[in-house]
Every structure is written in structure tokens, then in C-alpha cells.
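S.K.:
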Amino acid sequence: MDEISHHKGTILLIRGGEPFLYQPMIDLLSFIKEKNIFVSIDTNGMLLGKYAGDIARLAVDNLVVSIDGPENIHDSVRGARGSFRKIQDGLQALRAAEKRYRISIPKILCFVISPYSYQGLDKIPDVARQLKISHITLVPYYYFCRKIGTSYEKIMREKFNSPACSWRGFHHETSGIDIKKFTALLRHFKKNLKDIVYVPFMDFSEKQYTVWFSNCTKEAKKHTCGNPWALADIQPNGDVNFCVDFPDYIIGSILYNTLGEIWKKERAEKFRAYLQEKSLPICLRCGAQYISG
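Residue numbering for the sequence shown follows our numbering, beginning at 12 and increasing consecutively.
(1) Exposed or buried, which one is G304 when buried takes at least 16 other CB atoms within 10 Å?
(2) Please classify S387: does DSSP put it in a helix, a strand, or coil?
(3) Do you know offhand how far H18's Cα is from I245's?
(4) Please work out which residues of its chain come closer than 8 Å, Cβ to Cβ, to C275, disregarding the five sequence neighbours upstream and downstream, and give them in chain order.
(5) Taking the beta carbon of G187 as the centre, do at least 16 other beta carbons fall within 10 Å, making it buried, or is it exposed?
(6) How would you call I273, buried or exposed, if buried means at least 16 neighbouring beta carbons within 10 angstroms?
(7) How big is the Cα-Cα spacing for N203 and S177?
(8) Taking all protein chains shown into account, do 16 or more other C-beta atoms lie within 10 angstroms of the C-beta of A63, making it buried, or fewer, making it exposed?
(9) What does the Cβ neighbour count give for W240, buried or exposed, with the cut at 16 atoms within 10 Å?
(10) For H234, name the three-state secondary structure that DSSP assigns.
(11) Would you list the residues sitting across from T148 in a DSSP beta bridge?
(12) Between the stretch 249-269 and the stretch 191-205, do three or more beta carbon pairs fall short of 8 Å?
(13) If you draw a straight line from the alpha carbon of V75 to that of V50, how long is it in whole angstroms?
(14) Only counting the same chain, and skipping five residues up and downstream in sequence, which positions put a Cβ closer than 7 Å to that of N248?
(15) Which of the three DSSP states, helix, strand or coil, is assigned to H183?
(16) Roughly how many whole angstroms lie between the Cα atoms of A231 and A299?
(17) Which whole-angstrom value is the C-beta distance of D256 and C297, which I expect to be below 8 Å?
(18) On the DSSP letters alone, give me the boundaries of the alpha helix (DSSP H) that T54 sits inside.
(19) Look at G80 and V150 and say whether their C-beta atoms are less than 9 Å apart.
(20) Between which two residues does the beta strand (DSSP E) holding I25 run?
(21) Buried or exposed: which applies to D206, given that a residue is buried once 16 or more other Cβ atoms fall within 10 Å of its Cβ?
(22) Alpha carbon to alpha carbon, how far is I190 from P292? Give it in angstroms, no decimals.
(23) Tell me the rounded alpha-carbon separation between K118 and R198.
(24) Assign L204 to one of three DSSP states: helix, strand, or coil.
(25) To the nearest angstrom, report how far apart L105 and G60 are at their CA atoms.
(26) On the CB-based measure, 16 or more other CB atoms within 10 Å of its CB, does T54 come out buried or exposed?
(27) Identify which residue in I48, E217, N238 and L32 has its Cα closest to the Cα of Y285.
(28) Between the beta-carbon of G90 and the beta-carbon of G56, is there less than 9 Å?
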């Protein structure tokens with residue numbers, strides 16, 4: 012954290028897996044807050060009840076809670092009956108803790124648009140009201156056909172001598188989304204917002220969503236990725252890369268070098284130089300491309 016402060020890092024995003032499964036998580040948060048660094052946590056919400064007091068006491072700056080739809084859809088997607096209610100109870104415990112500490116932690120409901128969840132899209136504003144969360148963001152799930160994935164692997168191997176298997180976790184030949192049905196649900200979602208604030212993760216029009224979900228080899232909108240110049244993603248083993256979701260290209264390790272040293276390494280500069288000229292095939296379905304600019 013001293014390294015982040017020294018290099019003028021202003022925001023720390025803690026993601027998973029599930030961050031609260033990390034045993035020393037509260038000690039880590041305490042250390043971060045001592046450094047006056049803004050910290051946002053992405054969570055599946057299942058452990059909010061257990062850590063509600065600590066989250067409020069430490070005044071976490073932002074909390075993003077992943078919800079997959081109304082209770083029946085959410086529990087089905089998670090494969091765990093009662094998971095929605097556990098999140099609901101955890102948020103209630105957090106609100107009580109916030110009241111004790113006289114603070115209010117901003118919260119965002121994050122809904123991933125996937126073939127397993129999208130039919131609950133129109134009800135998501137009602138879910139936010141039920142959970143007493145005032146802001147919603149929508150994230151279209153990433154998917155890659157084999158043509159895109161193998162092309163990416165080839166470039167990474169030939170240009171950077173790097174393995175590139177991350178795309179395989181997102182491999183689907185089609186999105187599985189019925190575009191006509193999705194478009195109708197999206198319109199209902201927007202009409203249903205009312206008092207809920209919509210914060211787009213990727214600000215897509217209906218036409219751009221159609222491209223995203225119907226053709227993974229086509230650009231949904233003009234995009235630019237600023238990650239190699241503004242973001243360092245640190246994996247649990249200390250490896251550092253530029254891409255949160257596709258951490259194939261390792262530019263160094265914080266176990267052996269400082270962030271400043273890693274940032275200026277030849278490996279980092281080589282990757283930046285490439286992206287200044289062209290995008291990688293997987294960039295067509297990476298959210299960072301559409302938000303970092």
C-alpha cells in the first residue's frame with residue numbers, strides 16, 4: 012500500500028473470487044484505510060452479515076454487490092437456495108452497523124446480463140428497491156468463440172512469448188441471448204427505474220447491445236483501452252498485469268520488484284507499444300475497452 016500511495020494511486024478495487032473469503036481481509040482493509048486510499052469492494056454479498064460491523068467501522072468507500080435477478084432467478088444462477096435472502100439479511104445488518112457508526116456507504120447493485128439471468132432484467136429495479144440499494148449497473152457478460160480465442164493465443168505466443176488461456180473461461184460460440192426478448196426487457200428495465208439511479212458500466216444503445224450479443228467478432232462501438240497506462244492488476248500470487256479479466260501477460264511480480272520498477276520494465280513498455288498501434292482480438296469483448304477511455 013505504501014507503493015500505491017508513493018506512485019499516486021488513488022483507487023484500490025478489491026475483487027475476487029470473493030474478497031471476504033480471504034481470512035486477513037479486515038486487517039488488509041484496516042491497512043488500506045490507514046493510507047487514505049479510496050477502496051471499493053466487489054462482493055457476492057454472502058458474507059456481508061458476518062463482516063457488517065467491520066465494513067462500517069472502517070468506512071469502506073464503495074460496495075458493489077452482485078445480484079443475478081429476483082430471488083428465484085438469483086438462487087437458480089448461484090445454485091444455492093436461500094442465497095438471495097442471505098444477502099438481504101447481510102445488507103440489513105450492514106445498514107444497522109452504518110447507523111451505529113453514523114456513516115452511509117455507497118452501494119451499487121451489479122447485474123450481469125447472461126443467458127442464465129437476463130429474463131429477470133426488467134425486475135432488477137424492484138430488486139434494488141427491495142434491497143434498499145439506490146444505484147444499479149448492468150454488465151453484459153463476456154464470451155468468445157474459438158476463432159477469436161485461438162487468434163488471441165497465437166498473437167500472444169508469437170509477439171510476446173506468453174501463454175494466453177484466460178479466454179477459455181469465457182468460451183461460448185454464441186451468447187445464448189434472445190436479442191428480441193432482451194431488447195423488450197431492457198426497455199421495461201429503463202421504465203421501471205423511477206427513483207433508482209442507473210450507472211452504465213458500458214453505455215450501450217440497443218443497437219450496440221445487439222452487436223455485442225449477436226456477433227463476437229464485431230466491434231460494438233468505438234473503443235480505447237487506457238489500462239496499460241493507468242491500471243495495475245495484482246493477482247493473489249503477486250503477479251502484475253494490465254488486464255483485470257484477462258491476466259495472461261505478466262509484467263512482473265511485487266514479490267521481487269516495486270510497482271514503480273515493474274511499471275517501467277521493458278515487458279510493460281512492449282505491451283503498451285503494441286496496443287498503441289492495434290487491439291488484441293479479445294479486446295472486442297472486454298469491458299475495459301469500452302469504459303477506460
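Just so it is clear, CB atoms sit at the ideal spot from N, CA and C, and this is done for glycine as well.
These numbers come from a predicted model, not from an experiment.
M.R.: Reading off the structure:
(1) The sequence position of residue 304 within the sequence shown is 293, counting from 1. Interpretation of G304 is limited by its pLDDT of 43, a score under 50 that renders its predicted location unreliable; the figure taken from the coordinates is listed afterwards. Exposed, by the Cβ-count rule.
(2) Shown here, the chain extends from 12 to 304; a query on residue 387 therefore has no answer.
(3) Translated into the one-based positions of the sequence shown, residue 18 becomes position 7. Translated into the one-based positions of the sequence shown, residue 245 becomes position 234. Because the pLDDT at H18 is just 45, under 50, the model does not fix this residue reliably, and the point stays unresolved.
(4) The residue you call residue 275 lines up with position 264 of the sequence shown. Per the sequence shown, the amino acid found at residue 275 is Lys instead of Cys. Counting only residues of its own chain and dropping the five nearest sequence neighbours on each side, K275 has no CB closer than 8 Å to any other CB.
(5) Locating residue 187 in the sequence shown gives position 176, where the first residue counts as 1. G187 is classed as exposed because its beta carbon has fewer than 16 other beta carbons within 10 Å across all chains shown.
(6) Start at 1 with the first residue of the sequence shown, and residue 273 comes out as number 262. I273 is buried by the Cβ-count criterion.
(7) Indexing the sequence shown from 1 puts residue 203 at position 192. Indexing the sequence shown from 1 puts residue 177 at position 166. Between the C-alpha atoms of N203 and S177 there is a straight-line separation of about 36 Å.
(8) By 1-based counting over the sequence shown, the position of residue 63 is 52. Here A63 is buried. Its C-beta has 16 or more other C-beta atoms within 10 Å.
(9) Against the sequence shown, residue 240 aligns to sequence position 229. Burial call: exposed.
(10) Along the sequence shown, read from residue 1 onward, the residue named residue 234 stands at position 223. Coil, per DSSP.
(11) In the sequence shown, the residue the question calls residue 148 occupies position 137. Partner(s): C121.
(12) When Cβ pairs closer than 8 Å are counted between the two stretches, the stretch 249-269 is seen not to touch the stretch 191-205, the count staying below three.
(13) As a first step, residue 75 is located in the sequence shown; it is residue number 64 there, counting from the start. As a first step, residue 50 is located in the sequence shown; it is residue number 39 there, counting from the start. Spanning the two alpha carbons is a distance of roughly 11 Å.
(14) As a first step, residue 248 is located in the sequence shown; it is residue number 237 there, counting from the start. Answer for N248: no residue qualifies.
(15) Against the sequence shown, residue 183 aligns to sequence position 172. It is coil, neither helix nor strand.
(16) Along the sequence shown, read from residue 1 onward, the residue named residue 231 stands at position 220. Along the sequence shown, read from residue 1 onward, the residue named residue 299 stands at position 288. Taking the straight line joining both Cα atoms gives about 13 Å.
(17) For the purposes of this step, residue 256 is taken as residue 245 along the sequence shown, with counting starting at 1. For the purposes of this step, residue 297 is taken as residue 286 along the sequence shown, with counting starting at 1. A Cβ-Cβ distance of about 6 Å is found for the pair D256 and C297, placing them in contact under the 8 Å criterion.
(18) For the purposes of this step, residue 54 is identified with residue 43 of the sequence shown, where counting begins at 1. Premise fails: T54 lies in the beta strand (DSSP E), F49 to T54, not in any alpha helix (DSSP H).
(19) Counted from its first residue, the sequence shown places residue 80 at position 69. Counted from its first residue, the sequence shown places residue 150 at position 139. No.
(20) Numbered from its first residue, the sequence shown carries residue 25 at position 14. Taken as a continuous stretch (DSSP letters only), the beta strand (DSSP E) holding I25 covers I22 to I25.
(21) One-based indexing of the sequence shown puts residue 206 at position 195. Counting every other CB atom within 10 Å of its CB across the protein chains shown gives D206 a total below 16, marking it as exposed.
(22) As a first step, residue 292 must be located in the sequence shown, where it is residue number 281. As a first step, residue 190 must be located in the sequence shown, where it is residue number 179. Straight-line Cα distance between these residues: approximately 23 Å.
(23) Residue numbering aside, residue 118 sits at position 107 when the sequence shown is read from its first letter. Residue numbering aside, residue 198 sits at position 187 when the sequence shown is read from its first letter. For K118 and R198, the distance between alpha carbons rounds to 24 Å.
(24) In the sequence shown, counting from the first residue as 1, residue 204 sits at position 193. L204: coil per DSSP, three-state reduction.
(25) Start at 1 with the first residue of the sequence shown, and residue 105 comes out as number 94. Start at 1 with the first residue of the sequence shown, and residue 60 comes out as number 49. Each residue's Cα considered, the two are about 7 Å apart.
(26) In the sequence shown, the residue the question calls residue 54 occupies position 43. Under this definition T54 is a buried residue.
(27) Along the sequence shown, one-based indexing puts residue 285 at 274. When only C-alpha atoms are compared, the closest one is N238.
(28) Here residue 90 refers to the residue found at position 79 when the sequence shown is read from its first residue. Here residue 56 refers to the residue found at position 45 when the sequence shown is read from its first residue. Taking a C-beta distance under 9 Å as the contact criterion, G90 and G56 do not qualify as a contact pair.
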